[in-house]
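Protein chains in written order, with the working numbering: chain C, 457 to 549; chain E, 340 to 729.
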């Protein structure tokens, strides 16, 4: 926190002048359970990607998905909507 | 500048000032005794005298919310309310200065319920005392009119960017017809000029986010900025008072002394009561008592340096509060005045609460205050009452 800007340098009124900076805020450590993808089962239907509230599901070159663990909060929605049960929620260690 | 002398109520003086300012957006909800401001302003809108987008909302909470949205979009924005209307919008009243939005509001002072009462006291203004709005008080319709222009310039100044509230006494000022000097529409509008907002959510070339969650890592810095802006307002509002004063050729300042130079017994008050006290001071002077008055026109930021330099050498000071702060060490204005004088050896500072719920304040009450305090020699923060039946 001591590295953050002081009040004289910050934009006034809590404004954020560089929109889209939420990706700089890593929320991955909020997770208690992590989604793990079984690539052999994933069909690349991308239903999980549509449902993910954090936009933390990326499409790989093979058309299947992988998880952005820097931003995934571990809500588990992807796991419950997957039609082929390719995403398992595992305990964070 | 050419001016004409006309008769207006305080409410209609506010409406005329709003017409001459010609704001982009006004959002308001009717409430006594503010209603005649918006009634008259709505006529200006309906008759095409202003270009304002008038938003008729379903509550004061929505009125201030609409003002926040419109000001954030970069529009010059005004509103008006009273008492319980202000109470309902209070959540959003705090957001305006936090987001640094230069909204201007006419507040027609009325007692807060309960028991329900529609008449004048300052409990509504004191409810939002710490919200971060710049607060001006007006003795009469003339000051209501003048304060609107000064308020707008101060609010929109890039060194300030804070909302400003113009107070006037409900019914006593808002519904009483009196003469005042007003300028021509064109020249008055020229004084406020065009508004070039520093930030606008409609500026798609420079997109920004307003209103994100602001936790322990930044919130304090943003509140510190707000405190700094309020300190700037103290200087900036004086500049505009001076500029405006030269334009209209009337003396205007953050405080107004009356027969103060050689005074030993000094009244301090805000709004219309200052007019009554001027008469009381004259009556006491006729009896050989060296009485004086200090009227507070700018309440936030509180002009403590002026109070200290004008009252520091006085023998006895009595501060009149038209709002009750139960259990506190006196009324809100009393605490500010007493704090400003702390450490100085001479003054005895006494406080009275008066005029609650529109109870009339008379010259006789003003004289009785002098009689009651003439022999007072202790300096305890004791809350006294004037005008209540025992």
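Where a beta carbon is used, it is the ideal one built from N, C-alpha and C, also for glycine.
Asked, Found
"For residue 477 of chain E, the residue or residues it bridges with in DSSP", "E:507"
"Test: residue 551 of chain E CB closer than 7 Å to a CB of chain C", "yes"
"Run of the beta strand (DSSP E) containing residue 645 of chain E, from where it starts to where it stops", "Note, residue 645 of chain E: premise wrong, no beta strand (DSSP E); alpha helix (DSSP H) at 643-650."
"Beta-carbon neighbours of residue 782 of chain E, restricted to chain C and to distances below 8 Å", "The first residue shown for chain E is 340 and the last is 729, placing residue 782 of chain E beyond what the model contains."
"Residue of E:698, E:620, E:575, E:547 minimising C-alpha distance to residue 708 of chain E", "E:620"
"Cβ neighbours of residue 499 of chain C in the same chain (closer than 7 Å, five flanking residues each side left out)", "540"
"The stretch 360-376 of chain E contacting the stretch 386-393 of chain E, beta-carbon criterion three pairs below 8 Å", "yes"
"Partners in chain C for residue 500 of chain E, counting only beta-carbon separations shorter than 9 Å", "468, 469"
"Contact set between residue 561 of chain E and chain C, taken where Cβ atoms lie within less than 8 Å", "463, 466, 468, 469, 470"
"Chain-ordered chain C contacts of residue 547 of chain E [CB-CB under 9 Å]", "467, 471, 472, 473, 474, 475"
"Whether residue 579 of chain E touches residue 492 of chain E by CB criterion (7 Å)", "yes"
"Where residue 492 of chain C falls, given that 16 or more other Cβ within 10 Å makes a residue buried", "exposed"
"Below-7 Å beta-carbon distance, residue 359 of chain E vs any chain C residue", "no"
"Proximal chain E residues relative to residue 460 of chain C, where beta-carbon distance stays under 9 Å", "556, 557, 560"
"Contact with chain C by residue 481 of chain E, beta-carbon distance below 7 Å", "no"
"Residue 520 of chain E (DSSP reduced to helix, strand or coil)", "strand"
"Residue 507 of chain E at chain C interface by Cβ criterion, 7 Å", "no"
"Cutoff 7 Å: residue 564 of chain E Cβ touching any chain C Cβ", "yes"
"Distance between residue 422 of chain E and residue 689 of chain E (C-alpha atoms, nearest Å)", "27 Å"
"Complete runs of the alpha helix (DSSP H) confined to the stretch 684-712 of chain E [at least 4 residues]", "702-712"
"Under 7 Å (Cβ pairs) to chain C, residues found in the stretch 514-545 of chain E", "538"
"Stretch-stretch touch, CB-based, cutoff 8 Å, three pairs: the stretch 719-728 of chain E with the stretch 662-675 of chain E", "yes"
"Inter-residue Cα distance where the pair is residue 380 of chain E and residue 404 of chain E", "20 Å"
"Contact the stretch 514-534 of chain C vs the stretch 341-350 of chain E: 3+ CB pairs below 8 Å", "no"
"Beta-carbon gap between residue 714 of chain E and residue 611 of chain E smaller than 7 Å", "no"
"Nearest-angstrom Cα separation, counted from residue 376 of chain E out to residue 593 of chain E", "24 Å"
"Rounded C-alpha distance that separates residue 607 of chain E from residue 476 of chain C", "53 Å"
"Opening and closing residue of the beta strand (DSSP E) in which residue 638 of chain E lies", "637-639"
"Neighbour-count burial assignment, residue 724 of chain E, 16 or more Cβ in a 10 Å radius", "exposed"
"Local conformation of residue 450 of chain E per DSSP, three classes", "coil"
"The stretch 499-506 of chain E touching the stretch 432-451 of chain E, judged by at least three CB pairs closer than 8 Å", "yes"
"Whole runs of the alpha helix (DSSP H) within the stretch 468-538 of chain C, excluding any shorter than 4 residues", "503-507, 533-537"
"Segment contact, 8 Å Cβ cut-off, at least three pairs: the stretch 477-491 of chain E with the stretch 688-703 of chain E", "no"
"Contact test: residue 688 of chain E Cβ vs the ligand GTP heavy atom, cutoff 6 Å", "With respect to the ligand GTP, the structure offers nothing, as it holds no ligand at all."
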